[in-house]
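Numbered as in numbering that gives the first Met the number 0, the sequence shown ends at 124 without a single skipped number. Heads up, the beta-carbon is just placed ideally off N, CA and C, and yes, glycines get one too. Step one of this worksheet: look at the structure below.
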Amino acid sequence: MKFQNILVVFLLMTVSCGKYLEEGLHSPLIGDAGVTFKFKAGSARTVQLAGDWNNWGRGDAGSGEVLEGLMEDRGEGLWELTVELRPGRYRYFFIVDEVRVVLDPENPRSVNDNRGGKASLLIMP
């Protein structure tokens, strides 16, 4: 009986965790429509994708300027944006609520950002 209970718990955990692993963020994701960046930020009001291809997202929403690379809120704290990029090397990071700079937690590649910090690295084939 004890073995059956352990087996049932194990099977339930496997099914639950399997769905979580299957739905991983996988960012950046290179596809036919461009490169899709995903970021998880539960309580964020805005998330911006800033990179060397969009002048590091310059702009101040508070003063009416348009922010480049604003990501779309997909619900449940998931933010997403697809951009078209030519083959090459690109540095980027996320800016949460126009203040906090965060590297892409789904991308293990990073480089110096030439300003004393780090940036995530995308290599487009």
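Query - Limits of the unbroken beta strand (DSSP E) element including Asn113 - result: Premise fails: Asn113 is in no beta strand (DSSP E) and is neither H nor E.
Requested in this report: Compare the C-alpha of Gly116 against each of Phe92, Asn54 and Pro104 and name the closest.
Outcome: Phe92
Requested in this report: Kindly indicate the opening and closing residues of the beta strand (DSSP E) around Val95.
Outcome: Gly87 to Val95
Query raised in the report: If you check the beta carbons only, do Gly68 and Leu84 fall under 8 Å apart?
Result: no
**Report entry** C-alpha distance - Leu121 paired with Thr35, whole-angstrom precision
**Finding:** 11 Å
Query raised in the report: With a CB to CB cut of under 8 Å and the five nearest residues on each side skipped, what residues in its chain are close to Gly33?
Result: Thr81, Val82, Glu83 and Leu84
Query raised in the report: Applying the criterion that 16 or more other CB atoms from any shown protein chain within 10 Å of the CB defines a buried residue, is Gly76 buried or exposed?
Result: exposed
Report task. Within its chain, find whatever has a CB closer than 7 Å to the CB of Val101; leave out the 5 residues flanking it on each side and keep chain order. Result -> Phe92, Phe93 and Val95
Query raised in the report: Which residue from Arg73, Trp52 and Ser26 puts its Cα closest to that of Ala43?
Result: Arg73
**Report entry** Glu21 - DSSP class collapsed to helix/strand/coil
**Finding:** Unreliable positioning characterises Glu21 in this predicted model, as indicated by a pLDDT of 40, which lies under 50. A coordinate reading is not provided.
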